[in-house]
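At position 61 of the sequence shown (counting the first as 1) the number is 61 in full-length UniProt numbering, and the numbers step up by one without a gap.
Glycine is no exception: its CB is placed at the ideal position from the N, C-alpha and C atoms.
The structure presented is a predicted model; accordingly, all values stated were derived computationally and were not measured.
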Amino acid sequence: MASQTPASAPGRRREELRDFLRTRRARLAPADVGMPDVGRRRTPGLRREEVAVLAGVGVSWYTWLEQGRDIKVSGDVLDAIARALRLDRPEREHLYLLAGLNPPQAEAGPAVPITPELQRVLDAWSPRPAYVRDRHWNFVAINNAAREVFGYGDIDHNCLVTYFTNVRYRSMHTHWAAAAPDVVARFRADAARYPDDPEFDRIIEDLLAVSPEFAELWPRHEVSAGAQAVKGIRHPDAGEMVFEGTLLPLADRPGHHLVLHNPRPGTGTQERLERLMARRDLAAAG
């Protein structure tokens, strides 16, 4: 018996696109989109020609798209189809991916406090340091361990700015100069995801004006997308500690990351950290 040749990746994607569009179309009735229900329907949902009219595209073109043919698509057309089919944000992103395009980056929403559930995650991570940062690397929330271990104070609002302007933080970081190029490279990679966001330009211009080190590194145009990093700290009370940092994206907050730090095994960091935070807790209780 001859073996069946597996579909190529583009072929599978077109099949997924075809099925996705059909099921999204089937869940809508004409009344849902303000159209009259004319004629008897063999299958539930909108007809292809109705979707084409709503999206402002040709019926033949939409039919080819839904059939999974290899045709050219644009973001504007996909947005029109997404509106016609009443797709929500995750469905719109899925449509882009199936069509072979990168989904548009979500717009930055207004700053809002983190949820109680996420705050409990930060609190439960103590005595290990953790914080939440937004797409501009602004601190959204920080647990007490991160403040104590890394020396973050009330004037520290942005990870990148703190890295290059906080003298205490810099003096505590055991590999500050070696890590600086990668920090800048990761920020450049993040900024490139939002080319129309002026806040990135403001942060960059401000740092160029006040930090000679940043002004030397930024023109290199290096990029890095690492989600993990090692951070060495020389704490004035606890001594040297080494942490492994991991960035976890928050799906319900586009551009936000939960940054968790774990003591590196074999460095004595866990014991030093526990003693440090125990002393701080006793001092606070007294």
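- Query: Helix, strand or coil: which one does DSSP assign to THR162?
  - Reply: One-based indexing of the sequence shown puts residue 162 at position 162. Residue state, collapsed to three classes: helix.
- GLY75, DSSP secondary structure in three states: As a first step, residue 75 is located in the sequence shown; it is residue number 75 there, counting from the start. Note: GLY75 maps to helix in three-state DSSP.
- Task: Output the distance between the C-alpha atoms of ALA146 and GLU216, rounded to the nearest integer angstrom.
- Result: Working through the sequence shown from its first residue, we reach residue 146 at position 146. Working through the sequence shown from its first residue, we reach residue 216 at position 216. The straight-line gap from Cα to Cα measures roughly 28 Å.
- Can you give the Cα-Cα distance for LEU273 and ILE233, rounded to whole angstroms? For this step, residue 273 is matched to residue 273 along the sequence shown. For this step, residue 233 is matched to residue 233 along the sequence shown. One C-alpha to the other measures close to 11 Å.
- Query: Smallest Cα separation from PRO195: which of ARG135, GLU66, ILE81?
  - Reply: Here residue 195 corresponds to residue number 195 of the sequence shown, with the count starting at 1. The shortest C-alpha separation from PRO195 is found at ARG135.
- Query: Hey, quick one: how far does the alpha helix (DSSP H) through ASN144 stretch, first residue to last?
  - Reply: Counted from its first residue, the sequence shown places residue 144 at position 144. It spans 144 to 150 - the alpha helix (DSSP H) in which ASN144 sits, taken as one unbroken run.
- Cβ-heavy atom distance, GLU66 to the ligand NAP, below 6 Å: Of ligands this structure carries none, so the ligand NAP is not represented either.
- Message: At 4 residues or longer, what runs of the alpha helix (DSSP H) sit wholly inside the stretch 178 to 218?
- Response: 198 to 210, 212 to 217
- Message: Is the beta carbon of ALA130 closer than 7 Å to that of LEU260?
- Response: Counted from its first residue, the sequence shown places residue 260 at position 260. Counted from its first residue, the sequence shown places residue 130 at position 130. Contact: yes.
- Query: Which residues bound the beta strand (DSSP E) around ASP133?
  - Reply: Here the question's residue 133 lines up with position 133 in the sequence shown. Checking the displayed sequence, the identity of residue 133 turns out to be Arg instead of Asp. 130 to 133 is the extent of the beta strand (DSSP E) around ARG133.
- Query: Should the stretch 20 to 29 be regarded as contacting the stretch 43 to 51, the criterion being three or more beta carbon pairs within less than 8 Å?
  - Reply: yes
- Item | Residue range of the beta strand (DSSP E) that includes ILE277 | Residue numbering aside, residue 277 sits at position 277 when the sequence shown is read from its first letter. Checking the sequence, you will find Met at residue 277 rather than Ile. MET277 -> not in any beta strand (DSSP E); alpha helix (DSSP H) instead, spanning 269 to 285.
- Give the DSSP bridge partners of LEU247, in chain order. Counting from 1 along the sequence shown, the entry for residue 247 is found at position 247. The partner list for LEU247 (beta bridge, DSSP) reads VAL259.
- Item | Between the CA atoms of HIS257 and LEU250 - distance to the nearest angstrom | For this step, residue 250 is matched to residue 250 along the sequence shown. For this step, residue 257 is matched to residue 257 along the sequence shown. Near 6 Å, if we compare the C-alpha coordinates of HIS257 and LEU250.
- Item | Straight-line Cα distance separating PHE200 from ARG188 | Position 188 of the sequence shown, counted from the start, is the residue given in the question as residue 188. Position 200 of the sequence shown, counted from the start, is the residue given in the question as residue 200. Rounded to whole angstroms, the separation of the alpha carbons of PHE200 and ARG188 is 9 Å.
- Comparing the C-beta of PRO127 with each C-beta of chain B, is any distance below 7 Å? Any reference to chain B falls outside this structure, which holds one protein chain only.
- Task: Would you check if the stretch 73 to 84 and the stretch 93 to 100 touch, i.e. whether three or more CB-CB distances between them fall below 8 Å?
- Result: yes
- Item | Rounded C-alpha distance that separates GLY11 from ALA225 | For this step, residue 11 is matched to residue 11 along the sequence shown. For this step, residue 225 is matched to residue 225 along the sequence shown. Going by the C-alpha atoms only, they are around 29 Å apart.
- Task: Could you spell out the range, first to last residue, of the beta strand (DSSP E) harbouring ALA229?
- Result: The residue given as residue 229 occupies position 229 in the sequence shown. ALA229 -> beta strand (DSSP E) spans 228 to 235.
- Nearest to residue 288 (by Cα), restricted to the options VAL223, LYS231, THR269: A query on residue 288 cannot be resolved here, the shown segment of the chain reaching from 1 to 286 and no further.
- Query: According to the Cβ coordinates, are LEU78 and LEU95 closer than 7 Å?
  - Reply: Mapped onto the sequence shown, residue 78 falls at position 78. Mapped onto the sequence shown, residue 95 falls at position 95. Yes. Within cutoff.
- Query: Does DSSP put ALA99 in a helix, in a strand, or in coil?
  - Reply: Walking along the sequence shown from the start, residue 99 turns up at place 99. If DSSP states are grouped into helix, strand and coil, ALA99 belongs with coil.
- Just grab the DSSP bridge partners of GLU240 for me. Along the sequence shown, one-based indexing puts residue 240 at 240. For GLU240, which the question treats as bridged, DSSP gives the partners ARG234.
- Where ASN166 and PHE214 are concerned, what is the direct C-alpha to C-alpha distance, given to the nearest angstrom? One-based indexing of the sequence shown puts residue 166 at position 166. One-based indexing of the sequence shown puts residue 214 at position 214. Distance between the alpha carbons of ASN166 and PHE214: 13 Å.
- Message: Suppose you measure from the CA of HIS175 to the CA of GLU244; what does that come to, to the nearest Å?
- Response: Walking along the sequence shown from the start, residue 175 turns up at place 175. Walking along the sequence shown from the start, residue 244 turns up at place 244. Rounded to whole angstroms, HIS175 to GLU244 spans 14 Å at the Cα level.
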